[in-house]
Amino acid sequence: MSESVKSPWVLHYDASSCNGCDIEVLAALTPLYDVERFGIINTGNPKHADLFLITGSVNERQVPIIRQLYEQMLEPKIVIACGICACTGGVFKECYNTLGGVDVAIPVDVYAPGCAIRPETIIDAVVEGLGILEEKRRLLAAGSLEPAELPKQPSAADKPVRGETVAAAWQKAIANALQTAGQEEQ
Amino acid sequence: MDPQVFRDIELDELEGQIRSYRERGWRLANLCGSSVGDKVELLYSFSDGPELENLRMLVDNGQKIPAVSPLYPNAFVFENEARDLYGVVFEGGLIDYGGRFYSPSVPTPMNPASLPAQEYLASARAAAHAEAEGEEEAEGEVSHG
Amino acid sequence: MAERTVIPFGPQHPVLPEPVHLDLVIEDERVIEAIPQIGFIHRGLEKLVQKLDYQSFVSVTERICGICAFGHSLGYSETIEVLMGVEVPPRAEVLRVIWHELSRIHSHLLWLGLLADGFGFENLFMQCWRLRERVLGIFEQTTGGRVILNACNVGGVNRDISNEDLRGIVLILDAMRDEYQVLLKTFLKDRSVANRLRGIGILPKEKAREYGVVGPFARASGIAEDIRSFGYGGYGLLHAFEPILSEECDGYARCKVRAEEVLQSMDIVAELVEKIPDGALSAKVKGSPAAGSRAVSRLEQPRGECFYYAKGNGTKYLERFRIRTPSSDNLAGMVHTLQGCDLADVPMNILTIDPCVSCTER
Chain A
-8 MSESVKSPWV LHYDASSCNG CDIEVLAALT PLYDVERFGI INTGNPKHAD
42 LFLITGSVNE RQVPIIRQLY EQMLEPKIVI ACGICACTGG VFKECYNTLG
92 GVDVAIPVDV YAPGCAIRPE TIIDAVVEGL GILEEKRRLL AAGSLEPAEL
142 PKQPSAADKP VRGETVAAAW QKAIANALQT AGQEEQ
Chain B
38 MDPQVFRDIE LDELEGQIRS YRERGWRLAN LCGSSVGDKV ELLYSFSDGP
88 ELENLRMLVD NGQKIPAVSP LYPNAFVFEN EARDLYGVVF EGGLIDYGGR
138 FYSPSVPTPM NPASLPAQEY LASARAAAHA EAEGEEEAEG EVSHG
Chain C
630 MAERTVIPFG PQHPVLPEPV HLDLVIEDER VIEAIPQIGF IHRGLEKLVQ
680 KLDYQSFVSV TERICGICAF GHSLGYSETI EVLMGVEVPP RAEVLRVIWH
730 ELSRIHSHLL WLGLLADGFG FENLFMQCWR LRERVLGIFE QTTGGRVILN
780 ACNVGGVNRD ISNEDLRGIV LILDAMRDEY QVLLKTFLKD RSVANRLRGI
830 GILPKEKARE YGVVGPFARA SGIAEDIRSF GYGGYGLLHA FEPILSEECD
880 GYARCKVRAE EVLQSMDIVA ELVEKIPDGA LSAKVKGSPA AGSRAVSRLE
930 QPRGECFYYA KGNGTKYLER FRIRTPSSDN LAGMVHTLQG CDLADVPMNI
980 LTIDPCVSCT ER
């Protein structure tokens, strides 16, 4: 096994989380759960990181930042979506400004659910991710690791909510508001 | 429980009211909009210790409102927020982000009657119209061939 | 004359757990102006009141911010109770305050830890977070959740803590108190800590008033404002409440105010456990908020005064719900303290003010 698999370094980023999952990510690193004893260190530098722990749903403004962080990380790398918002958008799925889970911006390797995610789940997800990391490392050494493809640049306005896109629903609401206002004037 | 004091004011009283609260040393606790039909209701809340008073003001969409942030700097956040979510334009604010504070995915998502929302609908309809015409032309060419 | 440069700060930055971007205009090493750019966490949560009825919306308010989760559900419930004229049973009010004060202990310890991490005192960071886990343990035992508690609803609380368990909580806090005294001594007496905090981000009292700052930020500048001192809800049972103040107006003062507030919250919990009345946990809430009804309410969150406004329209969906969080009020003050500080002090400056971006943008 390579050193990165023995003691992977972690980059944490808050996509647009409520902080609940962020503090649990930090709680996993601090005493009681203490994954640092396995050499897992939280780093601020994407070039140093092997695991990308990302929390929260994604809005349009975040997409280029998340992609930049992802692209700065060196192969082999693993993306872990922490918490239900990062997996699917969670309670904020229907909000006009939310695109959905992290996988709208970058490819995700491990989905870890929970609201807020429990530190145990994070540890399980990291262990799961290490297997994939090792596999990627092997492929990279053999020269056959294909870089994962980024999803198409998404737009929150095109996101379907209850059978309609956000944009279409909003256009309908505007038309309705204008109609009622017109009637009031008559 | 906080006191529930709500007073209705008109736009021309606004500046005098705010100045009077400032001079008495009250702080601005909140400024927010809400959509009422084709108008926007602005709520200004002032507090002084346990005292709390709310001023309610109805304004037309597109009406320019004098900013309070020169007197109450903490209002710059609320003013830019009201602009992004309700399309309320404040004049003379401390930091004006010009509608790019939150950059919501659709214009003024909390107020369907705002001017930016109306423009958005018009341009979406024009785009849909142009696309439909484009398709017709393309179909026409195929049938000619 | 020195040349001016703009340095972007964030949104991804090692000292910030949350994304906030600042454009720092600097001259040599001195910050001339700081312009915050936010919108990275804006979700549009306030609009969800049109899709969820007023009872279900409590669970969304908890997710405004994971650090003050219980506080937001409490503030929201109190606002709806005013809106609908609901009388909350006294036991529920006291239980709410106990959970809220425990949240304050957890939030302040979390912040003290991040501050220690910010000035490079890794050990102190770990110690703070180690102690904080005890409070999360209490949360887990009493509600089942560590972060999101789901204990508060409109009308009261949906869980009880038995009187025996309440005494157990006080024992846990008493044991914590001794260990916390050691940390407190390090924060307040250690020379290397003082070197990093003293004179950072000074906001004099009159400026603090002008910029309308709230919470520990304001109290560290000598402004005696604390919603808890008005005795609303369960706070009315306390025999006395004095806000903790400091006149030093700098980063050290903000650290001191929060560090001492942890002890104050422990005292509040202990006193309320002695005085908690027996009785019902929740009042029956029937019907919907009347059309045209409005209510405002304030709550002292760990970061300061939080303002809630709700408007009914005769249905079970609210017309409008607004949260003005303490951090959005403190933003102007933060920008002011950044002007004139050294570039290297910017992270410390931001940390001592502790903006909660998730609250600000919702």
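Protein chains in written order, with this note's numbering: chain A, -8 to 177; chain B, 38 to 182; chain C, 630 to 991. The C-beta atom is built at its ideal place from N, Cα and C for all residues, glycine as well.
Review point. Are the stretch 949 to 962 of chain C and the stretch 974 to 989 of chain C in contact at 8 Å, needing three or more beta carbon pairs?
Key: yes
Point to revise | Helix, strand or coil at C/Ile670 [DSSP, three-state] | key: If you number the third sequence from 1, residue 670 of chain C lands on position 41. DSSP places C/Ile670 in coil when its eight states are reduced to three.
Point to revise | Span separating the alpha-carbon of C/Phe870 from that of C/Gly714 | key: As a working note, residue 870 of chain C is residue 241 in the third sequence. As a working note, residue 714 of chain C is residue 85 in the third sequence. Going from the Cα of C/Phe870 to the Cα of C/Gly714 covers about 27 Å.
Check your understanding: Is any heavy atom of the ligand SAH found at a distance shorter than 7 Å from the C-beta of A/Arg128?
Key -> This structure lacks the ligand SAH, and indeed carries no ligand of any kind.
Check your understanding: Cα-Cα, which of A/Trp161, A/Pro104, A/Val95 and A/Lys84 is closest to B/Gln158?
Key -> In the second sequence, counting from the first residue as 1, residue 158 of chain B sits at position 121. Looking at the sequence shown, residue 158 of chain B is not Gln but Leu. Closest by alpha carbon: A/Trp161.
Check your understanding: Secondary structure at B/Gln155, three-state DSSP: helix, strand or coil?
Key -> Counted from its first residue, the second sequence places residue 155 of chain B at position 118. DSSP places B/Gln155 in helix when its eight states are reduced to three.
Check your understanding: How many Å lie between C/Leu813 and C/Gln684 at the Cα?
Key -> Sequence index remark: in the third sequence, residue 813 of chain C carries index 184 (1-based). Sequence index remark: in the third sequence, residue 684 of chain C carries index 55 (1-based). Distance between the alpha carbons of C/Leu813 and C/Gln684: 41 Å.
Check your understanding: Under the three-state reduction of DSSP, which class applies to A/Gly11: helix, strand or coil?
Key -> Taking the first sequence and counting its residues from 1, the one referred to as residue 11 of chain A is at position 20. It is helical.
Check your understanding: Across which residues does DSSP place A/Thr34 in a beta bridge pair?
Key -> Here residue 34 of chain A refers to the residue found at position 43 when the first sequence is read from its first residue. DSSP, once it has assigned bridges, lists A/Leu2 as partnering A/Thr34.
Exercise for review: Would you list the residues sitting across from C/Pro665 in a DSSP beta bridge?
Suggested key: For this step, residue 665 of chain C is matched to residue 36 along the third sequence. Answer is C/Leu651, bridged to C/Pro665.
Exercise for review: Indicate the three-state DSSP secondary structure (helix, strand or coil) for C/Tyr840 in the structure shown.
Suggested key: The sequence position of residue 840 of chain C within the third sequence is 211, counting from 1. Correct three-state label for C/Tyr840: coil.
Exercise for review: Look at the alpha carbon of C/Gly693 and the alpha carbon of A/Gly47, and state the distance between them as a whole number of angstroms.
Suggested key: As a first step, residue 693 of chain C must be located in the third sequence, where it is residue number 64. As a first step, residue 47 of chain A must be located in the first sequence, where it is residue number 56. Checking the sequence shown, residue 693 of chain C turns out to be Ile, not Gly. Near 12 Å, if we compare the C-alpha coordinates of A/Gly47 and C/Ile693.
Practice item. Starting from A/Asp94, find everything on chain C with Cβ-Cβ shorter than 7 Å and list it in chain order. Key: As a working mapping, residue 94 of chain A is identified with position 103 in the first sequence. Those do not exist, as A/Asp94 stays about 17 Å from chain C at its closest Cβ, beyond 7 Å.
Check your understanding: Roughly how many angstroms lie between the CA atoms of C/Thr944 and C/Val914, to the nearest whole one?
Key -> For the purposes of this step, residue 944 of chain C is taken as residue 315 along the third sequence, with counting starting at 1. For the purposes of this step, residue 914 of chain C is taken as residue 285 along the third sequence, with counting starting at 1. Whole-angstrom Cα-Cα distance: 14 Å.
Exercise for review: Consult DSSP for B/Met94 and reduce its assignment to one of helix, strand or coil.
Suggested key: Looking up residue 94 of chain B in the second sequence gives position 57. Note: B/Met94 maps to strand in three-state DSSP.
Review point. Is the stretch 142 to 155 of chain A close to the stretch 79 to 99 of chain A, with three or more CB pairs under 8 Å?
Key: yes
**Study point:** Short CB-CB distance (under 8 Å) between C/Phe750 and chain B
**Key:** As a working note, residue 750 of chain C is residue 121 in the third sequence. Not an interface residue.
**Study point:** Which of helix, strand or coil DSSP assigns to A/Thr89
**Key:** Your numbering for residue 89 of chain A matches position 98 in the first sequence. Looking at A/Thr89 - three-state DSSP - the assignment turns out to be strand.
Check your understanding: CB-CB under 8 Å to A/Met(-8), same chain, minus the five flanking residues each way: which ones, in chain order?
Key -> Mapped onto the first sequence, residue -8 of chain A falls at position 1. For A/Met(-8), the predicted structure reports a pLDDT of 48, less than 50, and the residue's modelled location is therefore unreliable. The matter cannot be settled from this model.
**Study point:** Cut-off 8 Å between Cβ atoms - residues of its own chain near B/His181, not counting five sequence neighbours on either side
**Key:** In the second sequence, residue 181 of chain B corresponds to position 144, counting from 1. Summary for B/His181: the model assigns pLDDT 48, below 50, so the residue's position carries little reliability; its value from the coordinates is reported in the next sentence. No residues qualify anywhere along the chain.
Check your understanding: How would you list, in chain order, the residues of chain C whose beta-carbon sits under 7 Å from the beta-carbon of B/Met38?
Key -> Mapped onto the second sequence, residue 38 of chain B falls at position 1. Residues of chain C passing the Cβ test: Val711 and Tyr861.
Exercise for review: Provide the residue span of the alpha helix (DSSP H) that contains C/Lys945, from first to last.
Suggested key: Along the third sequence, one-based indexing puts residue 945 of chain C at 316. No alpha helix (DSSP H) contains C/Lys945, which DSSP labels as neither H nor E.
Review point. In chain C, which residues lie with their C-beta within 9 Å of the C-beta of A/Ala107?
Key: Reading the first sequence from its first residue, position 116 is the one you call residue 107 of chain A. In chain order: Arg692, Gly695, Ala698, Gly774, Arg775, Val776 and Ile777.
**Study point:** Among A/Glu119, A/Gln170 and A/Thr21, the one whose alpha carbon lies nearest that of B/Ala150
**Key:** The residue given as residue 150 of chain B occupies position 113 in the second sequence. For B/Ala150, the nearest C-alpha among the options comes from A/Gln170.
**Study point:** Span of the alpha helix (DSSP H), counted from its first residue to its last, around C/Arg927
**Key:** In the third sequence, the residue the question calls residue 927 of chain C occupies position 298. Note, C/Arg927: premise wrong, no alpha helix (DSSP H); beta strand (DSSP E) at Arg923 to Gln930.
Review point. What is the C-beta distance between A/Val1 and A/Asn33, in whole angstroms, given that I count them as a contact (C-beta under 8 Å)?
Key: Numbered from 1 along the first sequence, position 10 holds the residue referred to as residue 1 of chain A. Numbered from 1 along the first sequence, position 42 holds the residue referred to as residue 33 of chain A. About 5 Å; that satisfies the 8 Å criterion.
Check your understanding: Alpha carbon to alpha carbon, how far is C/Gln641 from C/Asp652?
Key -> Counted from its first residue, the third sequence places residue 641 of chain C at position 12. Counted from its first residue, the third sequence places residue 652 of chain C at position 23. Rounded to the nearest angstrom, the two C-alpha atoms are 13 Å apart.
Check your understanding: Among C/Ala745, C/Glu769, C/Gly774 and C/Glu751, which residue has its Cα nearest to the Cα of C/Arg825?
Key -> Against the third sequence, residue 825 of chain C aligns to sequence position 196. Checking every option, the nearest Cα to that of C/Arg825 belongs to C/Ala745.
Check your understanding: Taking Cβ-Cβ distances below 8 Å as the criterion, which residues of the stretch 925 to 956 of chain C are in contact with chain A?
Key -> none
Exercise for review: Express the C-alpha separation of B/Arg162 and C/Leu980 in angstroms, rounding to a whole number.
Suggested key: Locating residue 980 of chain C in the third sequence gives position 351, counting from the first residue. Locating residue 162 of chain B in the second sequence gives position 125, counting from the first residue. Cα-Cα distance, rounded: 47 Å.
Review point. At a Cβ cut of 7 Å, what residues of the stretch 645 to 672 of chain C count as close to chain A, listed as they run along the chain?
Key: Pro646, Glu647, Pro648, Gly668, Phe669, Ile670, His671 and Arg672
Review point. For C/Thr690, which residues of its own chain have a beta-carbon under 7 Å away from its beta-carbon, when the five flanking residues on both sides are left out?
Key: Position 61 of the third sequence holds residue 690 of chain C. So the list reads His701, Ser702 and Tyr705, once near-sequence residues are dropped.
Check your understanding: Got a sec? Which residues, its chain only, sit under 6 Å from C/Phe638 by beta carbon, not counting five neighbours each side?
Key -> Reading the third sequence from its first residue, position 9 is the one you call residue 638 of chain C. Excluding positions up to five away in sequence, the list reads Leu651 and Leu653.
Practice item. Spell out whether any CB of chain B is found under 8 Å from the CB atom of A/Glu155. Key: Translated into positions along the first sequence, residue 155 of chain A becomes position 164. No, its Cβ sits nowhere closer than 8 Å to a Cβ of chain B.
Review point. Do C/Glu730 and C/Ile873 come within 8 Å of each other at the CB atom, strictly closer than that value?
Key: Numbered from its first residue, the third sequence carries residue 873 of chain C at position 244. Numbered from its first residue, the third sequence carries residue 730 of chain C at position 101. Cβ distance not < 8 Å, so C/Ile873 and C/Glu730 don't count as in contact.
Review point. What did DSSP end up calling C/Val776 once you bin it into helix, strand or coil?
Key: Numbered from its first residue, the third sequence carries residue 776 of chain C at position 147. Reduced to three states, the DSSP call for C/Val776 is coil.
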